[in-house]
Amino acid sequence: MATTLLDGIGLLVTNDPALGDGSPLGEISGAAMIADSGGQVLWVGPAPAAPSADSRIDLDGRCVVPGFVDSHAHLVFAGDRSGEFAARMAGTPYAAGGIRTTVAATRAAPDELLGLNLARLVRELRRQGTTTVEIKSGYGLTVTDEARALALAAEHTDETTYLGAHVVPAEYESDPAAYVDLVTGPMLDACAPYARWIDVFCETGAFDADAARAVLTAGLGRGLGARVHANQLGPGPGVQLACELGAASADHCTFLDDADVAALAGSGTVATLLPGVEFSTRSPYPDARRLLAAGVTVALATDCNPGSSFTSSMPFCVALAVREMRMTPAEALWAATAGGAAALRRTDVGRLSPGARADLAVLEAPSYVHLAYRPGVPLVADTWIGGGPF
Ligand code: NIG
Ligand code: FE
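For the sequence shown, this note's numbering assigns the number 2 to the initial residue and increments by one for each residue that follows.
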């Protein structure tokens with residue numbers, strides 16, 4: 002197998018505390034890395050100690066970080082909701098009901114259009130350094146439209162999530178229990194072959210604790226892993242349910258009480274924070290410092306969707322986490338890489354140490370601190386997926 006030496010790395014973030022300076026990010030200054038053509042990291046260390054390789058690329062002092070792991074994105078949809086956004090900026094509050102607008106546009110869209118929209122968003126996020134992305138269904142809400150969304154998502158990622166329980170669609174308004182039966186029955190049958198995960202929007206106006214439990218339990222029974230949209234718009238049972246059922250992640254975590262924080266701290270459930278939502282809905286940000294102080298594993302993700310957070314940019318979310326949620330640049334970078342990997346229960350991504358996938362972002366900057374220090378600047382010079390530029 003051919004090998005490539007990435008030389009002249011000004012600062013390498015490995016996310017392996019056993020490497021480098023002993024910090025959680027495992028930083029190595031003046032570093033080099035060798036990857037093979039199969040897409041694996043073979044060696045990392047100080048540049049002068051690098052073994053030889055078949056080819057060499059000089060990065061001229063740039064910073065290299067593990068590729069971002071965006072563990073929460075809704076990318077299969079048609080239409081946009083820029084009108085809703087403009088109204089919100091003029092004072093109309095965000096409400097989950099807007100999801101139905103996108104459901105109508107998505108159902109009406111031909112396969113080809115949905116596929117093109119999705120491919121465009123995936124290209125967009127890769128250009129910004131994301132190397133692993135989770136993609137949810139949830140804008141179809143019929144058996145065929147949910148299965149169609151997941152089949153399309155599976156063309157781009159292994160991290161596919163069945164979110165038939167996003168909201169109750171209009172045609173089931175008068176009988177939400179029948180919709181839960183559909184989601185846990187024929188819709189699950191059609192979607193499970195394309196999905197790794199099952200998710201539910203556990204919130205007033207979407208699904209209550211009993212319905213959410215039924216949905217997650219049905220998915221777990223089919224071998225899917227659980228993740229939950231929890232405590233986004235107000236306090237609620239979502240986080241406790243996620244912890245109790247061993248979900249990989251409780252996402253949003255904006256309105257938490259002490260018992261929620263304690264449950265997360267005592268569980269294997271990651272708290273995934275989505276600050277693009279608070280930015281785009283003008284809502285208070287989650288209390289990241291409280292979660293970190295309690296020892297909770299925190300991830301950052303975009304929640305890219307046309308309603309509450311239409312950004313595909315992990316660097317933007319890192320900047321928000323630092324400037325608005327008081328995470329340090331190191332904590333935010335860890336959460337956007339290793340944290341996302343933990344939220345997807347992956348050990349092969351989110352780090353750059355021997356044996357990991359050579360998925361990385363080359364920054365046009367000497368340090369990852371610039372991701373927050375220079376918000377809005379396109380600092381990702383190159384994204385490597387599987388050992389080469391994507
Ligand atoms: O994660 N909370 C539920 N779902 C999305 C919003 C979807 C929409 O508004 O279209 C979210 O914020
Ligand atoms: Fe979401």
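Glycine included, every Cβ here is placed at the ideal spot set by N, Cα and C.
* To do: Report the three-state DSSP secondary structure of His-253 (helix, strand or coil).
  => Working through the sequence shown from its first residue, we reach residue 253 at position 252. DSSP places His-253 in strand when its eight states are reduced to three.
* With hydrogens ignored, establish whether the beta-carbon of Ser-138 is closer than 8 Å to any heavy atom of the ligand FE. => On the sequence shown, residue 138 is found 137 positions in, with the first residue counted as 1. Remark: the shortest separation between the CB of Ser-138 and any heavy atom of the ligand FE does not fall under 8 Å.
* Skipping 5 residues on each side, what residues in its chain have a beta carbon closer than 8 Å to that of Leu-115? -> On the sequence shown, position 114 is the one that residue 115 refers to. Counting only Cβ-Cβ distances below 8 Å, and skipping sequence neighbours, we find Val-77, Phe-78, Ala-79, Thr-107, Arg-149, Ala-150 and Leu-153.
* For the stretch 126-142 and the stretch 312-319, state whether three or more C-beta atom pairs, one from each stretch, are separated by less than 8 Å. => A contact exists between the stretch 126-142 and the stretch 312-319.
* **Contact check, Ala-1 vs Asp-252, beta carbons under 9 Å** => Residue 1 falls outside the range modelled here, since the chain spans only 2 to 391, and no answer is possible.
* Ser-309 Cβ short of 8 Å to the ligand NIG heavy atom set -> Counted from its first residue, the sequence shown places residue 309 at position 308. Taking the Cβ of Ser-309 as the reference point, at least one heavy atom of the ligand NIG falls within a distance shorter than 8 Å.
* To do: Could you give the DSSP three-state label for Val-369: helix, strand or coil?
  => Start at 1 with the first residue of the sequence shown, and residue 369 comes out as number 368. Residue identity differs from the one stated: residue 369 is Tyr in this sequence, not Val. In the structure shown, Tyr-369 sits in coil (DSSP, three-state: anything other than H, G, I, E or B).
* **Chain-order list of residues whose beta-carbon lies under 8 Å from that of Val-1 (same chain, five-residue window excluded)** => Residue 1 lies beyond the range of the chain shown here (2 to 391); nothing can be said about it.
* Between the C-alpha atoms of Asp-22 and Met-90, what's the straight-line distance to the nearest angstrom? -> Numbered from its first residue, the sequence shown carries residue 22 at position 21. Numbered from its first residue, the sequence shown carries residue 90 at position 89. Asp-22 and Met-90: Cα-Cα distance of roughly 45 Å.
* According to DSSP, which residues form a beta bridge with Thr-4? -> Here the question's residue 4 lines up with position 3 in the sequence shown. The partner list for Thr-4 (beta bridge, DSSP) reads Asp-37.
* To do: Would you check if there are 3 or more beta carbon pairs closer than 8 Å linking the stretch 183-199 to the stretch 232-239?
  => Counting Cβ pairs under 8 Å, fewer than three are found: no touch.
* For Gly-296, three-class secondary structure by DSSP -> Counting from 1 along the sequence shown, the entry for residue 296 is found at position 295. Taken through DSSP and simplified to helix, strand or coil, Gly-296 comes out as coil.
* Asked: In whole angstroms, what is the alpha-carbon distance linking Val-65 and Ala-343?
  -> Numbered from its first residue, the sequence shown carries residue 65 at position 64. Numbered from its first residue, the sequence shown carries residue 343 at position 342. Spanning the two alpha carbons is a distance of roughly 20 Å.
* Asked: Helix, strand or coil: which one does DSSP assign to Thr-133?
  -> Here residue 133 is taken as the residue at index 132 of the sequence shown, counted from 1. DSSP places Thr-133 in strand when its eight states are reduced to three.
* Asked: Going by C-alpha distance, which of Val-42, Pro-390, Cys-305 and Gly-377 is nearest Val-134?
  -> As a position in the sequence shown, residue 134 is number 133, starting the count at 1. Closest by alpha carbon: Cys-305.
* Sorry if obvious, but does the Cβ on Asn-232 come closer than 8 Å to a heavy atom of the ligand FE? -> Mapped onto the sequence shown, residue 232 falls at position 231. Annotation for Asn-232 indicates a beta carbon at 8 Å or more from all heavy atoms of the ligand FE.
* Asked: CB of Asp-252 to nearest heavy atom of the ligand FE: below 8 Å?
  -> Counting from 1 along the sequence shown, the entry for residue 252 is found at position 251. Yes, the beta carbon of Asp-252 sits closer than 8 Å to at least one heavy atom of the ligand FE.
* Beta carbon of Pro-177, beta carbon of Thr-143: below 9 Å? -> Taking the sequence shown and counting its residues from 1, the one referred to as residue 177 is at position 176. Taking the sequence shown and counting its residues from 1, the one referred to as residue 143 is at position 142. It is not a contact, given that the beta carbons lie outside the stated cut-off.
* Identify which residue in Ala-289, Ser-268, Ala-227 and Gly-277 has its Cα closest to the Cα of Phe-256. => In the sequence shown, the residue the question calls residue 256 occupies position 255. Considering only alpha carbons, the answer is Ala-289.
* **Ser-281 vs Ser-250 beta-carbon contact at 9 Å** => Taking the sequence shown and counting its residues from 1, one reaches residue 281 at position 280. Taking the sequence shown and counting its residues from 1, one reaches residue 250 at position 249. Contact: no.
* Asked: Hey, would you say the C-beta of Ile-199 is under 8 Å away from at least one heavy atom of the ligand NIG?
  -> Sequence index remark: in the sequence shown, residue 199 carries index 198 (1-based). No, Cβ of Ile-199 sits at least 8 Å from all heavy atoms of the ligand NIG.
* To do: For Arg-283, count neighbouring Cβ atoms within 10 angstroms of its own Cβ and tell me buried if that reaches 16, exposed if not.
  => Position 282 of the sequence shown, counted from the first residue, corresponds to residue 283. Exposed, by the Cβ-count rule.
* Asked: Got a sec, what are the start and stop residues for the beta strand (DSSP E) Pro-67 sits in?
  -> Position 66 of the sequence shown, counting from 1, holds the residue named residue 67. Per DSSP, the unbroken beta strand (DSSP E) holding Pro-67 starts and ends at 64-67.
* Taking only heavy atoms of the ligand NIG into account, decide whether any of them is closer than 8 Å to the Cβ of Asn-469. => Residue coverage of the chain in this structure runs from 2 to 391, which leaves residue 469 outside it and unanswerable.
* **Own chain residues within Cβ distance below 7 Å of Gly-54, not counting five before or after** => Within the sequence shown, residue 54 is the residue found at index 53, counting from 1. Correcting the residue identity first, residue 54 is Ala in this sequence and not Gly. Once the five neighbours on either side are set aside, the close Cβ partners of Ala-54 are Thr-4, Thr-5, Leu-6 and Ile-35.
* Asked: the ligand NIG heavy atoms versus the CB of Gly-99: any closer than 8 Å?
  -> Sequence index remark: in the sequence shown, residue 99 carries index 98 (1-based). Set against 8 Å, the gap from the CB of Gly-99 to the closest heavy atom of the ligand NIG is smaller.
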